[in-house]
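Notes follow once the structure below has been shown.
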Amino acid sequence: MKYTIKDIAQLCQVGKSTVSRVLNDDPNVNPATRERIQAVIKSLNFQPNRSARAIRGSREPVVGIIVTRLNSAAESQTLSAILPALYHQQITPIIVESQFQPELVSRHFKLFRERQVNGVILFGFSQLSHAVLNEWQYHLVTVARPYPNISAVFYDDAHAVKLLMQRFYQQGHREIAYLGVNNDDETTGKLRNQSYLQFCEQHHLSPNLVKTPLGADNAYRNAPQLFRQPVSAIVCASSSLTIGCLKYLQETQQNRPLATIGRNELLDYLIPDLISLDFGYQQAGKWAVELLLKQLQGDAEIEQRKVSLALLD
């Protein structure tokens, strides 16, 4: 049986943080408590993993970060929270991108093994199978997409669309179009598309859904399809789609209120009345590091957290 810090803590009737402090030779532990914990550790032959030893100072720990695209505005916002948290722990990051290609993820994992990377934060995507991740199960946190038996931080995609639709509906709009992402993208695409269609069904609205690959150029090329039906307002599945949709509206001199998932400073500047929401990118980054640090300290407990979101007025 593979014991964890949680098991040791339960047997000693102390918190996991106390066990971690003993493993890290923290002097601020009651001597009697330290002796009791050390006795249990010895009796179970508990061995902290390589990552835990690195955190305690045998060598400088390194964390690999696999983003899908280095130019992703959403992932950049999450990275802006991840990196300071790692630097604060004196952990060196190695950042690579997957470009939504599972074979690149496998290649990066091989590189991380060769570099003796202690843990990985991975921005998940639909084409990536769970089998690729198994080897790193207790040294891995995924962001945006949860996988079975892998610690993860993910977003409330369905509720995000519902909130934006509710805001337009409350304003009196009944011809709300949706510029979404293709269904082969499980989260940004399929889940958000389903949420839009469900809202339309529940409120007896005629759906007007156009799906496109991610990217402003794709949005610009596909935006005209929205106007095959009457349109009073438009919800976009991402900020990049909103940029492409805005360009089309400006070129055709059409003025429609827009709503988007996530916050984008450029869009806030260009569209003062833009309806957007805080999708929790900063919180996701902080939580991803928090969960990974627990693993690096020897805690093998799998934890998955859904990030909260809020409309921005």
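Residues in the sequence shown are numbered consecutively from 1058, following the numbering used here.
Here a beta-carbon is modelled for each residue, glycine too, at the ideal position from N, C-alpha and C.
In this text the structure is predicted, and so the values were computed from the model without any measurement.
Below 8 Å between beta carbons: does that hold for residue i and residue j?
i	j	result
Glu1243	Phe1180	no
Cys1257	Ala1280	no
Gln1354	Ile1152	no
Tyr1326	Lys1304	no
Gly1176	Gln1352	yes
Leu1220	Leu1348	no
Could you give the distance in angstroms between the alpha-carbon of residue i and the alpha-carbon of residue j?
i	j	result
Asn1312	Leu1306	6 Å
Thr1075	Ala1066	8 Å
Cys1293	Lys1247	14 Å
Glu1154	Arg1093	45 Å
Leu1350	Glu1308	49 Å
Ala1138	Gly1337	11 Å
Ser1108	Val1218	Since pLDDT at Ser1108 reaches only 49, below the 50 mark, its modelled position is unreliable, and the value read off the structure follows with that caveat. About 39 Å.
Leu1236	Gln1340	26 Å
Leu1334	Ser1297	15 Å
Arg1110	Arg1320	Low local confidence applies: a pLDDT of 48 at Arg1110 is under 50, so the model's placement there is unreliable, and no value is given.
His1187	Pro1205	7 Å
Ile1300	Gln1286	21 Å
Gln1251	Ile1359	28 Å
Val1267	Asn1239	9 Å
Ser1295	Leu1190	27 Å
Starting from the C-beta of residue i, find all residues in its chain whose C-beta is less than 6 Å away, skip the five residues before and the five after it, and write them out in chain order.
i	result
Ala1209	Thr1199, Pro1203, Gln1361
Glu1192	none
Arg1224	Ile1332
Ala1234	Asn1265, Leu1283, Val1288, Ile1291
Ala1357	Thr1061, Tyr1195
If you drop the 5 nearest sequence neighbours on each side, which residues of the same chain put their C-beta closer than 8 Å to that of residue i?
i	result
Thr1149	Glu1117, Pro1118, Val1119, Val1120, Leu1143
Please return the same chain residues whose Cβ sits closer than 7 Å to the Cβ of residue i, not counting the five positions on each side in sequence.
i	result
Leu1140	Pro1150
Ala1345	Ile1139, Ile1178, Val1198, Val1200, Val1210
Leu1127	Glu1154
With a threshold of 8 Å, are at least 3 pairs of Cβ atoms found where one atom belongs to the region 1154-1173 and the other to the region 1230-1239?
No, they do not touch.
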